[in-house]
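Protein chains in written order, with our numbering: chain A, 1 to 113; chain B, 1001 to 1112. Just so it is clear, CB atoms sit at the ideal spot from N, CA and C, and this is done for glycine as well. The block underneath contains the structure these notes are about, expressed in structure tokens.
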Amino acid sequence: GAGVSQSPSNKVTEKGKDVELRCDPISGHTALYWYRQSLGQGLEFLIYFQGNSAPDKSGLPSDRFSAERTGGSVSTLTIQRTQQEDSAVYLCASRVDGGNTIYFGEGSWLTVV
Amino acid sequence: DAKTTQPNSMESNEEEPVHLPCNHSTISGTDYIHWYRQLPSQGPEYVIHGLTSNVNNRMASLAIAEDRKSSTLILHRATLRDAAVYYCILRATNNAGNMLTFGGGTRLMVKP
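Rendered as structure tokens:
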């Protein structure tokens, strides 16, 4: 499609399980971001990828969170040993190199029970 | 990062203009002013951005104060579909500005 695609749209998982969230950025966009948004809250930056540069991981809340981006395109955000406080919408966004506009996906709604 | 201050919420009547204010008194000379909005159950979407001059596009207008310490997003005729959270964000032009830092935003409610 033309926009940022995220999957799954919704995920319910049990506490302690691992989850993987996938992001397909817009074709040709070299910059990719992950944010999360807890219910009724603002957006919290998690991680940023730009081309082949080392990612900016400064927003990852704990070592249970990791992300990778293969081939400069698709990215996977992994949360290990999920906790209830991980319940949130995880938003992926991408941007063309040098561009000003960041395009967001619809998000992956994660519920940890 | 330079911070922005916005009212938590605003109300408007349908088909009337809406002026959404943003204060950014610590803005630096190279910071761009960006506005995004987030409709219910959706990811944020770009609205407009500017540096010094006022800007217009099909969605809105951006009025920037001469000292750049504040700006106003103008929706010329609010519709029910404009009900959203509007975020005013400063983005630096150096590498640190590659990420957008979202504050609390202004929740705009539009009454029919």
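Inset, instruction - Assign A:L39 to buried or exposed, taking buried as 16 or more other Cβ atoms, counted over all protein chains shown, within 10 Å of its Cβ. - result: It counts as exposed.
Legend entry - Cutoff 8 Å: A:D97 Cβ touching any chain B Cβ: The beta-carbon of A:D97 is placed no less than 8 Å from the nearest beta-carbon of chain B.
Legend entry - Whole-angstrom distance between B:T1101 and A:L60, CA atom to CA atom: The alpha-carbon atoms of A:L60 and B:T1101 are separated by roughly 14 Å.
Inset, instruction - Rounded to whole angstroms, what's the CA-CA distance from A:V96 to B:G1050? Just pull it up for me. - result: Between A:V96 and B:G1050, the C-alpha separation is close to 18 Å.
Legend entry - Those residues which DSSP pairs with B:H1019 across a bridge: B:I1074, per the DSSP bridge assignment.
Legend entry - Cross-chain neighbours of B:Y1032 in chain A, by beta carbon under 9 Å: Per Cβ cutoff of 9 Å: N100.
Legend entry - Cutoff 7 Å; reference A:S66; Cβ partners in own chain excluding five residues on either side: Taken in chain order, the residues that qualify are T78.
Legend entry - Listed by chain order, chain B residues near A:F45 by CB distance under 9 Å: Listed by position along chain B, the residues whose Cβ is nearer than 9 Å to that of A:F45 are M1099, L1100, T1101, F1102.
Inset, instruction - From the DSSP output, in three-state form, read off A:Q37 for me. - result: Of the three classes helix, strand and coil, the one that applies to A:Q37 here is strand, per DSSP.
Legend entry - Simplified DSSP state of B:D1031, which is helix, strand or coil: Coil, per DSSP.
Inset, instruction - Identify whether B:Q1042 lies in helix, strand or coil by the three-state DSSP scheme. - result: In this structure, DSSP gives B:Q1042 a state outside helix and strand, which the three-state scheme calls coil.
Legend entry - Where A:G42 meets chain B, residues with beta-carbon distance less than 7 Å: One finds F1102, G1103, G1104, G1105 in chain B with Cβ atoms closer than 7 Å to the Cβ of A:G42, taken in chain order.
Legend entry - Where the beta strand (DSSP E) containing A:F65 begins and where it ends: Looking at the DSSP string, the run of the beta strand (DSSP E) that includes A:F65 is 65-69.
Legend entry - For B:F1102, the first and last residue of its enclosing beta strand (DSSP E): Counting along the chain, B:F1102 falls outside any beta strand (DSSP E), and DSSP gives it neither H nor E.
Legend entry - C-alpha gap between B:R1081 and B:Q1042, whole angstroms: Taking the Cα positions, B:R1081 is about 13 Å away from B:Q1042.
Legend entry - Simplified DSSP assignment, three categories, for A:E32: Here residue 32 of chain A turns out to be Leu, not Glu, going by the sequence shown. Strand at A:L32.
Legend entry - Partner residues on chain B for A:L91, Cβ-Cβ distance less than 8 Å: Residues of chain B passing the Cβ test: G1043, P1044.
Inset, instruction - Answer with yes or no whether the minimum CB distance from B:H1024 to chain A is below 8 Å. - result: Closer than 8 Å: no.
Legend entry - Within-8 Å CB hit, B:H1049 to chain A: So, interface residue.
Inset, instruction - Hey, could you find the ends of the beta strand (DSSP E) A:S94 is sitting in? - result: Under the DSSP assignment, A:S94 falls in the beta strand (DSSP E) whose first and last residues are 88-95.
Inset, instruction - Can you tell me which of A:V12, A:H29, A:L21 puts its alpha carbon nearest to the alpha carbon of A:T101? - result: Closest in C-alpha terms to A:T101, from the list A:V12, A:H29, A:L21, comes A:H29.
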